[in-house]
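Colleague: Got a structure for you, written out below as structure tokens; questions coming shortly.
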DNA sequence: ATGCGGACCTGTTAGC
DNA sequence: TGCTAACAGGTCCGCA
């Protein structure tokens, strides 16, 4: 489900109810996520205050005084702020209950999400320490992508979706960014000029920023922390529009399979 | 080092 | 209507 804009939307939504609040209980109904929820998680979090809530890539980091909760939403996860007394529904796997009487509820039908605990600096954690730069940061520039891509034969689409290259660009926004930059997703990463990488960088930042403004993209089941969908779906130019006319040239949008993922593009506008 | 395919899960939809 | 297959927003791991 969620790519960077959806995680950022979630972070902004839950922050006022989480930051500075004390955890009074952790209710775990299902431990079997991508990795099992650690046995000591409840003990680690209980009676601790959440000091900071940050996002790195698609991970949410809940900092306490003695460690950090690492949370990933996987493909189908979502977080909501609920009244503590609200009865759980199917796939509501975890509640983090606060002294305020509200709780943060983790819902994830496919259980590709994760909840892990780490002591020390979470950026040193195995899952975070190999990640590429944040796409909205100043470190994400044409020179960087150009240098990383030299001699690489991989398609540009699978290259920019690789979190070691840049984080936060998932399947939807990869197709959208490449359309905006007029780059064919099949093109080899190593054959693209520095100037075109400059265009691509601008496109990625633009797409992600606009998606964050609209509250993310809801295809079927993404909801924000209020239970509301995101409205960027209305702005999608190619994703999910196979066979429909390109908004630029009216020719039908093509669908290809790259790295086992559906990829949408206009063969006429993107070269 | 790079690049590819399989794996982890459940739910929805398309096709017969 | 009912069954089956394919597909879905992520990403780690193991192999060539």
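In our numbering, the protein residues as written are 1 to 271.
In this text, a Cβ means the ideal position worked out from N, Cα and C, and glycines have one as well.
Would you mind giving the Cβ-Cβ distance between residue 270 and residue 129, rounded to the nearest angstrom? I have them listed as a contact below 8 Å.
Modeller: Within the first chain, numbered from 1, the residue matching residue 270 stands at position 270. Within the first chain, numbered from 1, the residue matching residue 129 stands at position 129. In fact, because the Cβ distance is near 34 Å, the residues do not count as touching under 8 Å.
Colleague: In terms of residues, what are the limits of the beta strand (DSSP E) holding residue 52?
Modeller: Along the first chain, read from residue 1 onward, the residue named residue 52 stands at position 52. Here the beta strand (DSSP E) through residue 52 covers 52-56.
Colleague: Span of the alpha helix (DSSP H) holding residue 202?
Modeller: Here residue 202 refers to the residue found at position 202 when the first chain is read from its first residue. Element bounds for residue 202: 194-213.
Colleague: Going by beta carbon distance, what residues of the same chain come within less than 7 Å of residue 89, once the five residues before and after it are set aside?
Modeller: The residue given as residue 89 occupies position 89 in the first chain. Excluding positions up to five away in sequence, the list is empty.
Colleague: Return the residue from the list 98, 258, 197 and 120 that minimises the CA-CA distance to residue 171.
Modeller: Counted from its first residue, the first chain places residue 171 at position 171. Answer by Cα proximity: 258.
Colleague: Which residues does DSSP pair with residue 107 in a beta bridge?
Modeller: Within the first chain, numbered from 1, the residue matching residue 107 stands at position 107. According to DSSP, residue 107 bridges with 78 and 92.
Colleague: Between residue 179 and residue 238, how many whole angstroms is the CB-CB distance? I'm expecting something under 8 Å.
Modeller: Position 179 of the first chain, counting from 1, holds the residue named residue 179. Position 238 of the first chain, counting from 1, holds the residue named residue 238. Contact flag correct, Cβ pair sits at about 5 Å.
Colleague: What residue does the beta strand (DSSP E) around residue 179 start on, and which one ends it?
Modeller: Within the first chain, residue 179 is the residue found at index 179, counting from 1. Per DSSP, residue 179 belongs to no beta strand (DSSP E); it is in the alpha helix (DSSP H), 171-180.
Colleague: Within the continuous alpha helix (DSSP H) that includes residue 142, where are the two ends?
Modeller: In the first chain, counting from the first residue as 1, residue 142 sits at position 142. Note, residue 142: alpha helix (DSSP H), 142-149.
Colleague: Would residue 197 and residue 146 qualify as a contact pair, given that the criterion is a beta-carbon distance under 9 Å?
Modeller: The residue labelled residue 197 in the question sits at position 197 within the first chain. The residue labelled residue 146 in the question sits at position 146 within the first chain. Going by C-beta atoms, residue 197 is nearer than 9 Å to residue 146.
Colleague: Under 8 Å, with one C-beta from each stretch per pair, do the segment 97-106 and the segment 156-173 reach the 3-pair mark?
Modeller: Segments in contact, no.
Colleague: Could you pull the start and end residues of the beta strand (DSSP E) that residue 152 belongs to?
Modeller: Here the question's residue 152 lines up with position 152 in the first chain. Segment: none, residue 152 is in no beta strand (DSSP E) and carries neither H nor E.
Colleague: Measuring CB to CB, does residue 69 end up less than 9 Å from residue 113?
Modeller: On the first chain, residue 69 is found 69 positions in, with the first residue counted as 1. On the first chain, residue 113 is found 113 positions in, with the first residue counted as 1. No. Outside cutoff.
Colleague: Please report the residue range of the alpha helix (DSSP H) in which residue 15 lies.
Modeller: As a first step, residue 15 must be located in the first chain, where it is residue number 15. Where residue 15 is concerned, the enclosing alpha helix (DSSP H) stretches over 4-18.
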